[in-house]
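As structure tokens, the structure follows; a few thoughts come after it.
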Amino acid sequence: MTVIVVVLIAVVGVSIKNVFDLRAEQDELRAKNKQLASEKASLKDELKNVNDYDYIEEQARIQLKLIRPGEILYVLDDEGTETNGKDDN
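Reminder that position 48 of the sequence shown reads as 55 in the numbering used here, one-by-one numbering, no gaps.
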């Protein structure tokens, strides 16, 4: 009789641990899902702007460091000194 009680307690203990582990995993997955939903919304907003001329120009300036003819691009190196990136077009 004692052996049955010990085995039953062990089985219940393992089951309870599994429940807590699954709940912790569920919480992590919900947090990840929330993060991905936020990222998806951000990407949807960006996708709306892809064909907008002003957005394309802004991204070209930011990502590719492009400038319009006659503009001067100042680039600061790590030491804070200026270099002139004047466009000659």
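Where a beta carbon is used, it is the ideal one built from N, C-alpha and C, also for glycine.
As the structure is a prediction and not an experimental result, all values here were calculated from the model.
Review point. Along the chain, where does the beta strand (DSSP E) that runs through valine 99 open and close?
Key: The requested residue 99 does not occur in the structure, where the chain is confined to residues 8 to 96.
Exercise for review: Note down, in chain order, each residue of its chain lying with its Cβ closer than 6 Å to the Cβ of lysine 55, except the 5 sequence neighbours on either side.
Suggested key: none
Exercise for review: State the CB to CB distance for the pair leucine 83 and isoleucine 74, rounded to an integer number of angstroms; the pair is presumed to be in contact (CB under 8 Å).
Suggested key: That pair is no contact at about 15 Å.
Review point. Where do the ends of the alpha helix (DSSP H) carrying asparagine 25 lie?
Key: 9-55
Point to revise | Simplified DSSP state of glutamate 86, which is helix, strand or coil | key: coil
Review point. Which residues bound the alpha helix (DSSP H) around glutamate 64?
Key: 60-71
Review point. Out of curiosity, what's the CA-to-CA distance linking isoleucine 16 and glutamate 46?
Key: 45 Å
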